[in-house]
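Q: Read top to bottom, the protein sequences are chains A and B. Counting from 86, one number per residue, gives the positions in the first sequence under my numbering. Counting from 7, one number per residue, gives the positions in the second sequence under my numbering.
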Amino acid sequence: MGPELNTSLLAAKLREKRGDKGLRETAKEIGGVSAPTLSRIEKGNVPDVDTYLRICKWLEVSSDIFTNTKSTSSSPNEEEYINFNIHLRADKELKPSTVNTLIKLINLSYADETNP
Amino acid sequence: MRTGDLIKGFKTKAEKISINLRRELGLKPHSPLCAFDLANFLDIEISDPLSAGLSVKEANSLMSSNSGWSAMTVDRKTMPKVIIHNIKHSASRQQSNIMHELAHIICEHPFPEIKIINNKPLPLRNYNPQYEAEAEWLGANLQITRKGLVWCGYQKMKTEEISEYYNASIQMVRYRLNITGVKKQLKYF
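1) What residues from the stretch 105-135 of chain A come within 8 angstroms of chain B, judged by C-beta to C-beta, listed N to C?
2) Using C-beta distances below 8 angstroms, list every residue in its chain close to Leu190(A), excluding the 5 sequence neighbours before and after it, in chain order.
3) Using a 10 Å radius around the Cβ and a threshold of 16 neighbouring Cβ atoms, would you call Lys193(B) buried or exposed?
4) How would you write the range of the beta strand (DSSP E) that Met78(B) sits in, first residue to last?
5) Give the interface partners of Ile140(A) over in chain B, defined as CB-CB distance under 8 angstroms, in chain order.
6) Looking at the C-beta of His36(B), does it have a partner C-beta in chain A at a distance below 8 angstroms?
7) By the three-class DSSP mapping on this structure, what secondary structure does Ile188(A) have?
8) Between Glu30(B) and Asn147(B), is the Cβ-Cβ spacing less than 8 angstroms?
9) For Ile90(B), report the span of its alpha helix (DSSP H) as first-last.
10) Evaluate contact between the stretch 96-103 of chain A and the stretch 135-150 of chain A, counting only Cβ atoms and requiring at least three cross-stretch pairs below 8 angstroms.
11) In three-state terms, what does DSSP make of Ala175(A)?
12) Quick check on the DSSP output: the beta strand (DSSP E) that includes Glu51(B) runs from which residue to which?
13) Using a Cβ distance threshold of 8 angstroms, determine whether the stretch 77-96 of chain B contacts the stretch 156-164 of chain B, with at least three qualifying pairs required.
14) Keeping to the same chain, check which residues put their C-beta closer than 7 angstroms to that of Glu127(A); ignore five residues upstream and five downstream.
15) Do Ser50(B) and Leu108(B) have their C-beta atoms within less than 8 angstroms of each other?
16) Put Thr18(B) into one of helix, strand or coil per three-state DSSP.
17) Where does Asn103(B) land, buried or exposed, given buried means 16+ other C-beta within 10 angstroms?
18) Please work out which residues of its chain come closer than 7 angstroms, Cβ to Cβ, to Thr186(B), disregarding the five sequence neighbours upstream and downstream, and give them in chain order.
19) Say whether chain A places a C-beta atom closer than 8 angstroms to the C-beta of Met105(B).
20) In whole angstroms, what is the alpha-carbon distance linking Glu110(A) and Lys94(B)?
21) What did DSSP end up calling Thr152(A) once you bin it into helix, strand or coil?
22) Around the C-beta of Ile123(B), are 16 or more other C-beta atoms found within 10 angstroms, so that it is buried, or is it exposed?
23) Can you find the residues in the same chain that come closer than 7 angstroms, C-beta to C-beta, to Pro38(B), ignoring five residues on each side of it along the sequence?
24) Taking Lys90(A) as the reference, which of Arg103(A), Ile171(A), Ser124(A) and Gly129(A) has the closest Cα?
25) In the DSSP assignment, what are the bridge partners of Leu90(A)?
26) Is there at least one Cβ from chain A nearer than 8 angstroms to Trp75(B)'s Cβ?
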């Protein structure tokens, strides 16, 4: 398991559509997102799910457009939820490298359970 | 923290929980409560990134000051829950981090779901404002009860002394004094 979100592309699309508009005005248009959050995402940080979906809606694109892998399933836009049973105390937006390491840590924690 | 996300009655409930847990541990309502002791009492393991299996390089990167990470609770089906926390934070911040995670467990907040798109998990998390507000409030309350602050006021303790007594940061003490109304009530502070 590893992160597949193309944060550079997301940041670029966000900046492109924002154009000369200020962050505050753009955040208001997107709704439910703050200007500082947008700034951090434009710098490449990973947003939380709610923020990500709001941005995709504003960009008028599908939520899978920023993932790197091609779908091999019969339904390319199929979305599933699984429960990793984790509470996380961290900044709302995280650097991709931090997210990578957290995913590895989560995997290690669950590996303890399957290989005690 | 947006206290507006807290449901009516939660603050009173949080104070009751904090006092009851102290009572169960043989402590007085105003006593300091160590987060590690509380975790042990609740049968929750405490770990750190290195002990959990990350390499030294990965653990140091995760715990660096610019990573933005403080702690994480992992709920496992056949083993106790484990809180993995940033041991490079100050002692008082570690207390606050662990109390926050314990608060999520005590409140029985459901664990968030991770979204999968195109059969790959996205490294995104669901941020629930109400649950986060409750964990922030209860976590702080577990660290310093309202009764404790009133007691400290009667003892004429300074903010720095309260901070040391509860192993809490000065900011946490000031926050609790303001948000509980004790500062206004006692006028001492």
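Beta carbons: idealized from backbone N, C-alpha and C, even for Gly. Predicted model, so just to flag it, every value in this text is computed and none were measured.
A: Per the coordinate set shown:
1) Val131, Pro132, Asp133, Val134 and Asp135
2) Within the first sequence, the letter at position 105 stands for residue 190(A). Around Leu190(A): no qualifying Cβ.
3) The residue labelled residue 193(B) in the question sits at position 187 within the second sequence. Classification for Lys193(B): exposed.
4) As a first step, residue 78(B) is located in the second sequence; it is residue number 72 there, counting from the start. Trp75 to Val80 is the extent of the beta strand (DSSP E) around Met78(B).
5) As a position in the first sequence, residue 140(A) is number 55, starting the count at 1. Ordered by position in chain B, no residue passes the 8 angstroms Cβ test against Ile140(A), which lies about 11 angstroms from the chain.
6) Walking along the second sequence from the start, residue 36(B) turns up at place 30. Chain A, which has no Cβ nearer than 8 angstroms to the Cβ of His36(B), makes this no.
7) Taking the first residue of the first sequence as position 1, residue 188(A) is located at position 103. DSSP places Ile188(A) in helix when its eight states are reduced to three.
8) Position 24 of the second sequence, counted from the first residue, corresponds to residue 30(B). Position 141 of the second sequence, counted from the first residue, corresponds to residue 147(B). It is not a contact, given that the beta carbons lie outside the stated cut-off.
9) Start at 1 with the first residue of the second sequence, and residue 90(B) comes out as number 84. No alpha helix (DSSP H) holds Ile90(B); the beta strand (DSSP E) holding it covers Val88 to His91.
10) yes
11) The count along the first sequence starts at 1 and reaches residue 175(A) at position 90. Here Ala175(A) sits in strand by DSSP.
12) Taking the first residue of the second sequence as 1, we reach residue 51(B) at position 45. Unbroken beta strand (DSSP E) run through Glu51(B): Glu51 to Ser53.
13) no
14) Position 42 of the first sequence, counting from 1, holds the residue named residue 127(A). Counting only Cβ-Cβ distances below 7 angstroms, and skipping sequence neighbours, we find Ala96, Leu99 and Arg100.
15) Here residue 50(B) corresponds to residue number 44 of the second sequence, with the count starting at 1. Here residue 108(B) corresponds to residue number 102 of the second sequence, with the count starting at 1. What sits at residue 50(B) in the sequence shown is Ile, not Ser. The answer is yes: Cβ separation under 8 angstroms.
16) As a working mapping, residue 18(B) is identified with position 12 in the second sequence. In this structure, Thr18(B) counts as helix in the three-state DSSP scheme.
17) Numbered from its first residue, the second sequence carries residue 103(B) at position 97. Asn103(B) comes out buried.
18) Counting from one through the second sequence, the residue named residue 186(B) turns up at place 180. For Thr186(B), where only same-chain residues beyond five positions count, the Cβ hits under 7 angstroms are Arg152 and Leu155.
19) Start at 1 with the first residue of the second sequence, and residue 105(B) comes out as number 99. No - not a single Cβ of chain A is within 8 angstroms of the one on Met105(B).
20) In the first sequence, counting from the first residue as 1, residue 110(A) sits at position 25. In the second sequence, counting from the first residue as 1, residue 94(B) sits at position 88. Rounded to the nearest angstrom, the two C-alpha atoms are 38 angstroms apart.
21) Here residue 152(A) is taken as the residue at index 67 of the first sequence, counted from 1. DSSP places Thr152(A) in strand when its eight states are reduced to three.
22) As a first step, residue 123(B) is located in the second sequence; it is residue number 117 there, counting from the start. Legend: pLDDT at Ile123(B) = 49, less than 50; position of this residue unreliable, value from coordinates given subsequently. Buried is the call here.
23) As a working note, residue 38(B) is residue 32 in the second sequence. Excluding positions up to five away in sequence, the list reads Tyr171, Tyr172 and Asn173.
24) In the first sequence, the residue the question calls residue 90(A) occupies position 5. The identity of residue 90(A) in the sequence shown is Leu, whereas the question assumes Lys. Considering only alpha carbons, the answer is Gly129(A).
25) Numbered from its first residue, the first sequence carries residue 90(A) at position 5. Thr152(A).
26) As a working note, residue 75(B) is residue 69 in the second sequence. Closer than 8 angstroms to some Cβ of chain A, the Cβ of Trp75(B) qualifies, so yes.
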